[in-house]
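Undergrad: Residue numbers (UniProt numbering): 1 to 1242. Ideal placement from N, C-alpha and C gives every residue a C-beta, glycine not left out. Treat the numbers as computed from the prediction; the structure is a model and nothing was measured. I am attaching a structure below and will ask some questions about it afterwards.
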């Protein structure tokens, strides 16, 4: 403690230090502390029940040391009457008279306050808490003192009644009580957990002989010269959260009094006295009073907990996104203090002198502590190059360390400022001409600049809305809500301010003041380098930079090579690790060699030179006005560290780009582009992959890789950038190349993590990255279980939070069945639905949508990444080679894809380059995502049913339709009550109903009689749907007008029944002269997914095909706003296609047609389902007539199907109705049985 207090410890601190923190008998530590304090009385020890520190579940008993107030009161009386040393109570009569006159003058009561006539000596109670660590744990301290007593030098005058900690640590440190106003307090380390029991007991002990003073407010007895205890606790009660019962209960004890509270207590016992005695109670009565009060406190806590839980559950029903706040891990803590460490190696040991000679001189602090290999060591004498002390176990090479805690704000600001100024001021004295050579190597022909479109108020509002609802507010105090609330006129002024900055390069100073919060990278961060600086710029500047950065990155994406991935739209990190693992798999199959290296920039954004970046921006077509405003902002930027709510001095910068600025992503993309140009050449194509500050090189030999690494290092040196040597690793697929790397002294790995994905560089199947990520779920399951969100939200959280976090990169990595079983078991525990005999696979795959199952999620991830990152021709050839070969498959995406397809009964057909399942043959790249998910769901659930069918009680499970089964159960069991029937019959988990688990007692599986939708009929219908002909090109061409007016529409039969719905589309031409619309094309919607939306999109696709055939502009009239918005964005070039988006197959074909349609083509929204009398113009009436005609045409096309199709469809429909009715009847019967069983139960 003395070392940490740096000589500022009080007399009490020195007394505590004499007792020590450890000893031969640790149970005597508290006794030794009290002896060192030289208290005038012995402490009293109370037996208090606490939770065991070992398991936190069982209860044990602890001796809590307490100074009893009435005993201390007796000591003060003796001192005041001079029966003992007067030094303990030195109060003069003049001071008493002055005090009571002041109390009477400020008392609101007409009668004089109690104690006024007797001129009693006033006593004071003081209580406060302090946060003593970064986790927010508190230390609660309560003391008693004589208000008017004037202590002598180094005399204790404020006596600690008790000290409570929310968490126990073995060593007492001075930092636990850093409040300077705390005075002389003993800080006891108590292994206590049940804090409210302590306070409840000790507050009762505070009652002294003079109980009559509780009849009026305690404010009358408090000292004006001391801190107001009552108001202090009142402030705590108002500011603390509802679960801080300690402060609230103590405040209720003081105001009103305990005597007034006693008759109105909620829990009353037979042995309780009718009123609180005015004299000191006997021990048995005091214990009874305490037990009753303890029961009331616990009852209040239970009521508050129930109320709080009900309110929290209601909030989560209203706001489903709150569950992710429950699952969120603890936030990284900002800096509170740092450790300044001095470390040096031992060069020589002199055991006869007890000294060590150091490798270099160090300016030690003689009064500080020393450590030898992280263990404390006693040092007697200090010199810069030698130390004398207990160095007997030392040997050459050991480390001697001295650590100094830096906690005061000036020192913290100075430490962080000095550390980061080394990066931000790196190029302060470098001549700008040095950077000229960097731009000279670029191509001589500059890229034409794109048009810098002036910002509009609509653009500004859209960008503000796109910001997160809780986006950080800058130091100027302008928040997102403020910008949203600005009037259009004021927003126009703000936009004009940005345009002025683009013209002049000058910004208002308020928009360029940024605060930097240092957030720890790892837990228990100590050094400055262990914290990440998060820069927060004013929000108006961030809105402008986001708008300009989006346009700049879109422009750079058009000229950047395909191997540049970071920050550019449509390019992700997944493409990097997926393509690399695919190349490694191909090399293993075709006996080729692939080698490479991973390199990482150190402090990338903070060390980029600005001059060459701005020159490259102009060279590659970033408009001059954007570069002018950008460079002006970065040059004038000043950053201030924010620590513990205080802001430090401004720090200028000459180097780097702030990470909170969207345009900094443009800067990093320009540097990556320059690196690609630097390595570009006929022999180096495909050599480099970049993703922001992650640079990777690969080649077919170790020699070429080392040469490429040398060129990258030369590039970094020319740009004055630093590569992190600790993150540089080399790899190769062959042993010979790995041996060559090792001979060059390089670090070689067989597997590594790469941008979140796992890379296996040898034939060994490894998954260390995935398994390390799975361990993080052990912390997620308790948070999921304790969340008060309804069960259906928890299931969705598995799909949205748990599996994406744990199974990232699973498409290129194998994971065994045991791991998936553990994930399912953990999910069931987290959901809180574990019951004896419950099958996790059945619950996660059949009761809920199978994406809740981790193995099905991995299957879907494989298909998703193959569609996104694998070229069809290349991947198909690789699959064919794997199937034709007889060797063990090498690890990679193709091997993982095939094994997971085979696991669900799908087969790859090399001749057709397609997959075949139980429904039909399909192309995994051409099919829509919805249809692909339908096929995968059907195949997965069929496999699960087949695996479980052989178990007792599960016969016939393979004939179940899970979707229909759950639909029937939800319709019948609408009550949220939990039904669990306790009978001797076997109990089978059937499904979830309104957030609960329904248990049905039956000897036969409930689902056999619930949902017997015939699989064969369903398969036959799906095969017919898949075989429908695509008729979008069958159009009439006898139409000739300058601009064709085409009406499109889609129709759907039974849209709410996925198993039976049918969709069709139609396109008609309507002349503006009012002639009857002409049908151009129509037909049923092909594919397994039959929705009205897809039919609407298919109709637009047919209309665009017609426009391309005739090479005439068209105006498409469509009543589906979703289709109109998407096609409109495509026409304006503001649409980014992704293979994972819904209806991606149709949007891809529409995008290809829009590149060929004549100029003037547009799409318009027409009103739907409007009566003719509600139209307001001739144009609206004409559009309504055309839309009505095409609607009828689409309905007619839906009915124009072959007779054999309707026979099959009607048979499926009859079976669907039969099984639905049967299921409802069975569930009604089981509900009646459950009700009867509940009524009979005692």
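1) Smallest Cα separation from residue 1103: which of 1050, 1141, 1132 and 1140?
2) Could you spell out the range, first to last residue, of the beta strand (DSSP E) harbouring residue 1082?
3) Just how far apart, CA to CA, sit residue 761 and residue 942?
4) In chain order, which continuous runs of the alpha helix (DSSP H) of length 4 or greater are located wholly inside the region 319 to 346?
5) Please list the terminal residues of the continuous beta strand (DSSP E) segment that includes residue 1052.
6) Can you look up residue 371 in the DSSP assignment and give me helix, strand or coil?
7) If you draw a straight line from the C-alpha of residue 1163 to the C-alpha of residue 1066, how long is it?
8) Going by DSSP, name the residue or residues bridged to residue 760.
9) Specify whether the region 895 to 908 and the region 861 to 877 touch according to this definition: at least 3 beta carbon pairs, one from each stretch, less than 8 Å apart.
10) Kindly give me the distance between the Cβ atoms of residue 1244 and residue 570, rounded to whole angstroms, as I take these residues to be in contact under 8 Å.
11) Are there 16 or more other CB atoms within 10 angstroms of the CB of residue 1022, so buried, or fewer, so exposed?
12) Need the endpoints of the alpha helix (DSSP H) that residue 676 sits in, please.
13) Run through DSSP, which three-state label would residue 947 get?
14) Quick one: any contact between the region 662 to 679 and the region 574 to 591, if contact means 3 or more CB pairs under 8 Å?
15) Is it buried or exposed for residue 503, if we count other Cβ within 10 angstroms and need 16 for buried?
16) How should residue 235 be labelled, buried or exposed, when 16 other C-beta atoms within 10 angstroms of its C-beta is the threshold for buried?
17) Quick check on DSSP: helix, strand or coil for residue 964?
18) Kindly indicate the opening and closing residues of the beta strand (DSSP E) around residue 596.
19) Would the beta-carbon of residue 559 fall within 9 Å of that of residue 461?
20) Is the region 377 to 391 touching the region 352 to 366 in the sense that three or more CB pairs, one from each, lie closer than 8 Å?
21) Exposed or buried, residue 901, counting other C-beta atoms within 10 Å across all chains shown (16 or more means buried)?
22) Please check the pair residue 807 and residue 858, which I expect to be a contact at CB under 8 Å, by giving their CB distance rounded to whole angstroms.
23) Quick check on the DSSP output: the alpha helix (DSSP H) that includes residue 1065 runs from which residue to which?
24) Any idea if residue 542 is buried or exposed, counting beta-carbon neighbours within 10 angstroms, 16 or more meaning buried?
25) Does the beta-carbon of residue 1235, which I'm using as the reference point, lie nearer than 8 Å to any heavy atom of the ligand FAD?
26) Span of the beta strand (DSSP E) holding residue 515?
27) How would you label residue 882, buried or exposed, when you count the other beta carbons within 10 angstroms and need 16 or more for buried?
28) Under a three-way DSSP split, which group does residue 282 fall into?
29) Give the C-beta separation of residue 820 and residue 850 to the nearest angstrom, bearing in mind that I take them to be a contact with Cβ-Cβ under 8 Å.
30) Out of 693, 629 and 522, which one is the CA nearest neighbour of residue 607?
31) Leaving out the 5 sequence neighbours to the left and right, which residues in its chain are closer than 6 Å to residue 734 when beta-carbon positions are compared?
32) Using CA atoms only, rank isn't needed, just tell me which of 799, 1233, 591 and 944 is closest to residue 852.
33) Tell me whether the region 1202 to 1216 and the region 1124 to 1135 touch, counting them as touching only if at least three CB pairs, one residue from each stretch, are closer than 8 Å.
34) So what's residue 533 in DSSP terms, helix, strand or just coil?
35) Once the 5 residues before and after residue 1077 are set aside, which same chain residues still bring their CB inside 6 Å of it?
36) When the distance is taken between beta carbons, is residue 475 closer than 9 Å to residue 647?
TA: The relevant details are as follows:
1) Numbered from 1 along the chain shown, position 1103 holds the residue referred to as residue 1103. In terms of CA proximity to residue 1103, 1050 leads the group 1050, 1141, 1132 and 1140.
2) Here the question's residue 1082 lines up with position 1082 in the chain shown. Its beta strand (DSSP E) spans residues 1078 to 1084.
3) As a working mapping, residue 761 is identified with position 761 in the chain shown. As a working mapping, residue 942 is identified with position 942 in the chain shown. Their backbone Cα atoms lie some 36 Å apart in a straight line.
4) Fully enclosed alpha helix (DSSP H) runs of 4 or longer: 322 to 327.
5) For this step, residue 1052 is matched to residue 1052 along the chain shown. Its beta strand (DSSP E) spans residues 1044 to 1053.
6) Residue numbering aside, residue 371 sits at position 371 when the chain shown is read from its first letter. Residue 371 falls in the strand class under three-state DSSP.
7) The residue you call residue 1163 lines up with position 1163 of the chain shown. The residue you call residue 1066 lines up with position 1066 of the chain shown. The alpha-carbon atoms of residue 1163 and residue 1066 are separated by roughly 16 Å.
8) By 1-based counting over the chain shown, the position of residue 760 is 760. Note: residue 760 sits in a beta bridge opposite 751.
9) A contact exists between the region 895 to 908 and the region 861 to 877.
10) Because the chain in this structure spans residues 1 to 1242, residue 1244 falls outside the shown range and cannot be described.
11) For this step, residue 1022 is matched to residue 1022 along the chain shown. That one is buried.
12) Here residue 676 corresponds to residue number 676 of the chain shown, with the count starting at 1. 663 to 679 is the extent of the alpha helix (DSSP H) around residue 676.
13) Within the chain shown, numbered from 1, the residue matching residue 947 stands at position 947. Of the three classes helix, strand and coil, the one that applies to residue 947 here is helix, per DSSP.
14) Fewer than three pairs of CB atoms, one per stretch, sit closer than 8 Å, so the region 662 to 679 makes no contact with the region 574 to 591.
15) Walking along the chain shown from the start, residue 503 turns up at place 503. Burial call: exposed.
16) Taking the first residue of the chain shown as position 1, residue 235 is located at position 235. Confidence is the limiting factor: at residue 235 the pLDDT is only 39, short of 50, which leaves the residue's position unreliable and the question unanswerable from this model.
17) Within the chain shown, numbered from 1, the residue matching residue 964 stands at position 964. Residue 964: helix per DSSP, three-state reduction.
18) As a first step, residue 596 is located in the chain shown; it is residue number 596 there, counting from the start. Run containing residue 596: 595 to 600, per the beta strand (DSSP E) assignment.
19) Locating residue 559 in the chain shown gives position 559, counting from the first residue. Locating residue 461 in the chain shown gives position 461, counting from the first residue. For residue 559 and residue 461, no; Cβs fall outside 9 Å.
20) Contact between the region 352 to 366 and the region 377 to 391 is present, because at least three Cβ pairs lie under 8 Å.
21) Looking up residue 901 in the chain shown gives position 901. So residue 901 ends up on the buried side.
22) Here the question's residue 807 lines up with position 807 in the chain shown. Here the question's residue 858 lines up with position 858 in the chain shown. Between residue 858 and residue 807 the Cβ distance is about 6 Å, and since that is below 8 Å, they are a contact.
23) Taking the chain shown and counting its residues from 1, one reaches residue 1065 at position 1065. In the DSSP annotation of this structure, residue 1065 is not part of any alpha helix (DSSP H); the continuous beta strand (DSSP E) holding it starts and ends at 1062 to 1069.
24) Taking the chain shown and counting its residues from 1, the one referred to as residue 542 is at position 542. It counts as buried.
25) Absence of the ligand FAD from the depicted structure is noted, as is the absence of any ligand whatsoever, leaving it without description.
26) By one-based count along the chain shown, residue 515 stands at place 515. 513 to 520 is the span of the beta strand (DSSP E), which, as asked, contains residue 515.
27) Looking up residue 882 in the chain shown gives position 882. Of the other Cβ atoms in all chains shown, 16 or more fall within 10 Å of the Cβ of residue 882; this residue is therefore buried.
28) Counting from one through the chain shown, the residue named residue 282 turns up at place 282. In this structure, DSSP gives residue 282 a state outside helix and strand, which the three-state scheme calls coil.
29) In the chain shown, residue 820 corresponds to position 820, counting from 1. In the chain shown, residue 850 corresponds to position 850, counting from 1. Contact doesn't hold; Cβ gap of about 13 Å is too wide.
30) Numbered from its first residue, the chain shown carries residue 607 at position 607. For the options 693, 629 and 522, the alpha carbon positioned closest to that of residue 607 is the one of 693.
31) On the chain shown, position 734 is the one that residue 734 refers to. Correct list, in chain order: 593.
32) Along the chain shown, read from residue 1 onward, the residue named residue 852 stands at position 852. Ranked by Cα distance from residue 852, the options 799, 1233, 591 and 944 are led by 799.
33) Counting C-beta pairs with one atom in each stretch, the region 1202 to 1216 and the region 1124 to 1135 have fewer than three that are closer than 8 Å, which means they do not touch.
34) Position 533 of the chain shown, counted from the first residue, corresponds to residue 533. Reduced to three states, the DSSP call for residue 533 is strand.
35) The count along the chain shown starts at 1 and reaches residue 1077 at position 1077. Excluding sequence neighbours, residue 1077 sits near 1068, 1070, 1186 and 1189.
36) Translated into positions along the chain shown, residue 647 becomes position 647. Translated into positions along the chain shown, residue 475 becomes position 475. Contact flag set, yes.
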